[in-house]
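As you go down the protein sequences, you meet chains C and W in turn.
Residue numbers 1 to 135, in UniProt numbering, belong to the letters of the first sequence in order.
Residue numbers 1 to 135, in UniProt numbering, belong to the letters of the second sequence in order.
Ideal placement from N, C-alpha and C gives every residue a C-beta, glycine not left out.
In what follows, a single structure is set out as structure tokens and then discussed.
2 protein chains.
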Amino acid sequence: MATRTAAQQREQARSAYDAFLRDCPTNQLLDRLSDKWVSLVVSALAPGPLRYSDLARRIAGVSPKMLTQTLRTLERDGILTRTVTPSVPVRVDYELTPLGRNLALLLTAVKDWAENHFDEVHAARLRYDADNTGA
Amino acid sequence: MATRTAAQQREQARSAYDAFLRDCPTNQLLDRLSDKWVSLVVSALAPGPLRYSDLARRIAGVSPKMLTQTLRTLERDGILTRTVTPSVPVRVDYELTPLGRNLALLLTAVKDWAENHFDEVHAARLRYDADNTGA
DNA sequence: CGGTATCCTATTGGATACTG
DNA sequence: CAGTATCCAATAGGATACCG
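And the structure:
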């Protein structure tokens, strides 16, 4: 079971990316992933494929501009696929790729965290604001 | 061990927050968490407390403005604590709260994902751009 | 249905200089 | 050391109207 030396070490070294460095490309990628629209779109697609209008309805209040922009970027990044069915009228389905499903595990976790811990955060805000009132 | 019925069900119902809804407060919270600076600060503090200047050095290229702004917001939200030691010169330490450490597990996972899957994303971009050149 | 195009405002965030 | 304050350029993102 100790066959993880040279090959694994090279593997480690090869992905010597560090998102803490401003000029590292992974820093920009982290910036892209750290986007509310990305979180919502990827989370929405986690259970299964959806059409454009389904997504628009699910992500309440998203403008067509932001929805399309986010979908295009995620398609380009290999997170999801866009499938056009040339019926009348047209039908377009969006589906996570294996890479996207992998990412979805993390992003839905963040979204769920926000939902599950909002009360604690809210309480912390009230405490902070109370302590810093007129002090 | 089967004492998780009524109380737990109410617990579930009580946190009926849905971040997909624009006007749900958790949507705003998700927006806050979906921030590159938040990810980096929380990830940087995951191993242990750091001083202001340590953070500035670790998160290469962050401006004092963004660093302070991010730290204040996270402090208000109960994610981290700020401890001033009135020595000469002053010493200020930032440390994750239990809530923050919990969140850090998720955010460092996203940061690590960016580092570990950048090559795949980059390859996808090249493919996308090649397919959409002059087409 | 599934977008695109344009306009316009608000916010983000870097650079810079100064302070207790 | 650990910020604060100010200015300003760039970007995000909503509203709206139109198109294949």
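Around the Cβ of residue i, are there at least 16 other Cβ atoms within 10 angstroms (buried) or fewer (exposed)?
| i | result |
| --- | --- |
| W:VAL84 | exposed |
| W:VAL41 | buried |
| W:LEU105 | exposed |
| C:VAL88 | exposed |
| W:GLY100 | buried |
| W:THR26 | buried |
| W:ASP129 | exposed |
| C:ASP131 | exposed |
Confirm, please, whether the CB-CB distance from residue j to residue i is below 7 Å.
| i | j | result |
| --- | --- | --- |
| C:LEU30 | C:ALA16 | no |
| W:SER63 | W:LYS111 | no |
| W:ASP93 | W:PRO47 | no |
| W:ALA109 | C:LEU33 | no |
Give me the Cα-Cα distance between residue i and residue j, rounded to the nearest whole angstrom.
| i | j | result |
| --- | --- | --- |
| W:THR121 | C:ILE79 | Inspection of the sequence shows that residue 121 of chain W is occupied by Val rather than by Thr. Near 8 Å, if we compare the C-alpha coordinates of C:ILE79 and W:VAL121. |
| C:CYS24 | C:PRO98 | 25 Å |
| W:ALA124 | C:SER53 | 26 Å |
| W:MET1 | W:ASN102 | Caution applies to W:MET1, whose pLDDT of 48 falls short of 50 and renders its modelled position unreliable; the value that the coordinates give is listed next. Near 26 Å, if we compare the C-alpha coordinates of W:ASN102 and W:MET1. |
| W:MET66 | C:ARG127 | 23 Å |
| W:LEU107 | C:ASP35 | 13 Å |
| C:ARG91 | C:ARG58 | 17 Å |
| W:ASP77 | C:ASP77 | 32 Å |
| C:ARG51 | W:ARG51 | 48 Å |
| C:GLN28 | W:PHE118 | 10 Å |
| W:LEU45 | C:SER39 | 23 Å |
| W:ASN116 | C:GLU75 | 19 Å |
| C:ARG72 | C:LEU96 | 13 Å |
| W:THR133 | C:PRO86 | 22 Å |
| C:THR68 | W:THR68 | 34 Å |
Assuming residue i contacts residue j (C-beta within less than 8 Å), just tell me the rounded distance between them.
| i | j | result |
| --- | --- | --- |
| C:ARG22 | W:ALA60 | 5 Å |
| C:LEU37 | C:THR81 | For the record, residue 37 of chain C in the displayed sequence is Trp; it is not Leu. No, C:TRP37 and C:THR81 are not in contact; Cβ-Cβ is about 18 Å, not under 8 Å. |
Per DSSP, which one or two residues make a beta bridge with residue i?
| i | result |
| --- | --- |
| C:ASP93 | C:ARG51, C:THR83 |
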